[in-house]
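Following: one structure in structure tokens, then a few remarks.
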Amino acid sequence: MHNKGFIFDLDGVIVDTAKYHYLAWKHLADELGIPFTKEQNEQFKGVSRKRCLEILLEWGNMKVPQAQFDAWLAEKNEDYLGYIDKMTEDEVLTDVPKVLNFLKEHKIPMGLGSASKNARPILKKVGLIPYFNTIVDGTQVSKAKPDPEVFLIAARDLKLLPEQCIVFEDAIAGIEAANIAGMTSVGIGDKDVLSDARYVFKDFTEIDLDFIKELAEL
Ligand code: G6P
Ligand code: MG
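For what it's worth, the working numbering labels the leading residue of the sequence shown as 540, then goes sequentially.
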């Protein structure tokens, strides 16, 4: 039996879908006449689709009836899915397969913990479904990160205690969620931004398999 398990966020850790979210939000924002920059898109990382639209409308000082809100939400997602549909295995971020394959070879339990309701179709597109013992996505959680719900469900599915789990995250809220859950947090991104993470790496190219071995207690 293994003592440790690994839980991965999807967007910004395994694949770079932020650029597609940006294009789809930008398209809608342009339509509504609300300025929307790449910097603003940063604030949407790890944030649910519904909350993103609420924020966008707040920026535009717009209040709309529920039916209109739902229609825009659906429009953004359809646009986004147009990009997802074209994704291939090449879009898995560099050296992510190196780590996933290593963990798989050693039969270390792996889970996905994402706020995205599109997590499954994305994983399918990039061919990574078989790596995960559990996939917990935006369709299963009621409380958004930094609430630890998504990671706690993944740990439960993996039959591990929170302290046995290592979480890879690119969003501040995700690192916070992992820390609140009592898991070991590994930040992927900027050290200054993810300063609450136990460890931080710019990306997976900086991650050594010896480090993974140590984390996994192999
Ligand atoms: C991830 C991304 C967010 C996105 C959210 C919901 O957390 O980082 O930018 O808004 O998922 O994604 P969805 O695919 O359900 O619209
Ligand atoms: Mg993310």
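Backbone N, C-alpha and C fix where the C-beta goes; we use that ideal spot for every residue, glycine too.
In this text, all values refer to a predicted model and were calculated from it rather than measured experimentally.
The segment 620-657 is shown to contain whole beta strand (DSSP E) runs of 3 or more residues at 649-652, in chain order.
Distances from the CB of A710 to the heavy atoms of ligand 2 include at least one below 8 angstroms. Put simply, of Y619, I573 and W598 the residue whose alpha carbon is nearest the alpha carbon of T556 is Y619. If you look at F671, you'll find it isn't in any beta strand (DSSP E); DSSP assigns it neither H nor E. Sequence-distant Cβ neighbours of V689 in its own chain, meaning closer than 6 angstroms and more than five residues away, are G652, V675 and V680. By the criterion of a C-beta distance shorter than 7 angstroms, D624 is surrounded by no residue of its chain, once the five residues flanking it on both sides are discounted. With a threshold of 16 other beta carbon atoms within 10 Å, H645 falls short and is exposed. Assigned with DSSP and collapsed to three states, F608 falls in helix. Shown here for A712: same chain residues with a beta carbon closer than 6 angstroms to its own, the five before and five after excluded, namely G585, K684 and P685 in chain order.
Between L697 and R590, the alpha-carbon positions lie close to 29 angstroms from each other. D742 places its beta carbon 9 angstroms or farther from that of D629. Between the segment 594-602 and the segment 563-582 there are three or more C-beta pairs closer than 8 angstroms, enough to call the two in contact. Here G666 is exposed: its Cβ has fewer than 16 other Cβ atoms, across all protein chains shown, within 10 Å. M722 is classed as buried because its beta carbon has at least 16 other beta carbons within 10 Å across all chains shown. Under the three-state reduction of DSSP, V689 is assigned to helix. The three-state secondary structure of G726, taken from DSSP, is strand. The straight-line gap separating the alpha-carbon atoms of N718 and L691 is approximately 11 angstroms. Setting aside the 5 residues that flank it on each side, V552 is surrounded in the same chain by F707, E708, D709 and I727, each with a C-beta closer than 7 angstroms to its C-beta; the list follows chain order.
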